[in-house]
Ligand code: ATR
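Residue numbers (our numbering): 14 to 288.
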């Protein structure tokens, strides 16, 4: 029996067990994927005890991704650029980590808009937290020329820009309606639009008709931003696909099979999100 888990604080809301449970069943693997609530301050100790607890590895979610990064013996290059780890496995007793959030975002974008790189020269990313940092890195790695990061707290956007001085611009929140006018891709990485949070009240009338609009929020499945963008005829990229795709590398590492993100999986998790 191969076992893996997701660590977080809190961890009750995490949907990874649904995803891995679906794939374990689909591939008839004798395995298990559970949740582990790990208190802040206990992350390194927990990760060091993975083997003793019978785990082949784990996912790491909020608020532990940076602490997990610091605890690794080895980190894949993509995670170094972001400074956060969300997927951990054991290699001859050593803790190895990667960041599959960026991969998940890009694969989901590929799924929804094949060859998007051909038309996206300039992207506007809303928010400057950990997710934004990864997405900015991912977009630049795929050839996007410039990214504008807009954040309520400008200093956090400026901190991201330091790592990418030539290709990054920053914008304050108030100037957003003007700044999105030349965006080929708009990405919301803030929590605005999430169930229980205020909507993202950005007017979309300055957006180019060809702009792609993406949201990493997936509760609800269609945020107000995506619904408004779709009504205006924009191509939209929903957030649940990112969650599904980011789970693939962990499953491969722990259970040895490369699983597919199918419509069936999407519906399985979407049913839970709808409640
Ligand atoms: P994550 O790691 O998932 O990106 P985070 O680090 O908590 O999460 O970042 C959340 C993002 O949502 C931040 O960019 C935050 O803006 P601030 O840096 O100004 O806090 C943004 N955000 C959250 N609530 C917001 C609100 N009401 N208005 C505008 N931005 C908001």
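Each residue gets a CB set at the ideal place from its N, CA and C atoms; glycine is no exception. Since this is a predicted model, take the numbers as computed values, not measurements.
Where residue i falls, given that 16 or more other Cβ within 10 Å makes a residue buried
| i | result |
| --- | --- |
| residue 282 | buried |
| residue 83 | exposed |
| residue 78 | buried |
| residue 207 | buried |
| residue 17 | buried |
| residue 106 | exposed |
| residue 147 | buried |
| residue 65 | exposed |
| residue 128 | exposed |
| residue 26 | exposed |
| residue 175 | exposed |
| residue 262 | buried |
| residue 53 | exposed |
| residue 251 | buried |
| residue 228 | buried |
| residue 62 | exposed |
Check whether residue i and residue j have beta carbons under 8 Å apart
| i | j | result |
| --- | --- | --- |
| residue 253 | residue 117 | no |
| residue 201 | residue 246 | no |
| residue 100 | residue 24 | no |
| residue 221 | residue 70 | no |
| residue 239 | residue 249 | yes |
| residue 224 | residue 198 | yes |
| residue 150 | residue 98 | no |
| residue 85 | residue 103 | no |
| residue 33 | residue 212 | no |
| residue 242 | residue 226 | yes |
| residue 35 | residue 278 | yes |
Beta-carbon contacts of residue i that lie in its chain and below 8 Å, excluding the five residues immediately before and after
| i | result |
| --- | --- |
| residue 161 | 135, 136, 137, 138, 181, 182, 183, 184, 192, 196 |
| residue 31 | 281, 282, 285 |
| residue 219 | 190, 191, 193, 194 |
| residue 130 | 155, 156, 157 |
| residue 40 | 268, 270, 272 |
| residue 274 | 120, 124, 254, 257, 258, 261 |
Presumed contact (8 Å Cβ cut-off) between residue i and residue j, rounded CB distance
| i | j | result |
| --- | --- | --- |
| residue 112 | residue 144 | That belief does not hold up - the Cβ atoms of residue 112 and residue 144 are roughly 11 Å apart, past 8 Å. |
| residue 22 | residue 90 | Actually they do not touch by this definition, with Cβ atoms about 27 Å apart. |
| residue 47 | residue 81 | Residue 47 to residue 81, Cβ: 17 Å. No contact. |
| residue 152 | residue 177 | Contact flag wrong, Cβ pair sits at about 10 Å. |
Same chain, Cβ closer than 7 Å to residue i, five either side skipped, listed in chain order
| i | result |
| --- | --- |
| residue 124 | 254 |
| residue 120 | 258 |
| residue 165 | 186 |
Same chain, Cβ closer than 6 Å to residue i, five either side skipped, listed in chain order
| i | result |
| --- | --- |
| residue 43 | 14 |
| residue 210 | 204 |
| residue 159 | 135, 180 |
Residue i beta carbon near the ligand NAP (any heavy atom closer than 7 Å)
| i | result |
| --- | --- |
| residue 168 | This structure does not include the ligand NAP; its bound ligands are the ligand ATR. |
_Any heavy atom of the ligand ATR nearer than 6 Å to the CB - residues listed_ = Taking each Cβ in turn, the ones that pass are 140, 141, 142, 143, 144, 145, 164, 165, 166, 169, 202, 203, 204, 205, 211.
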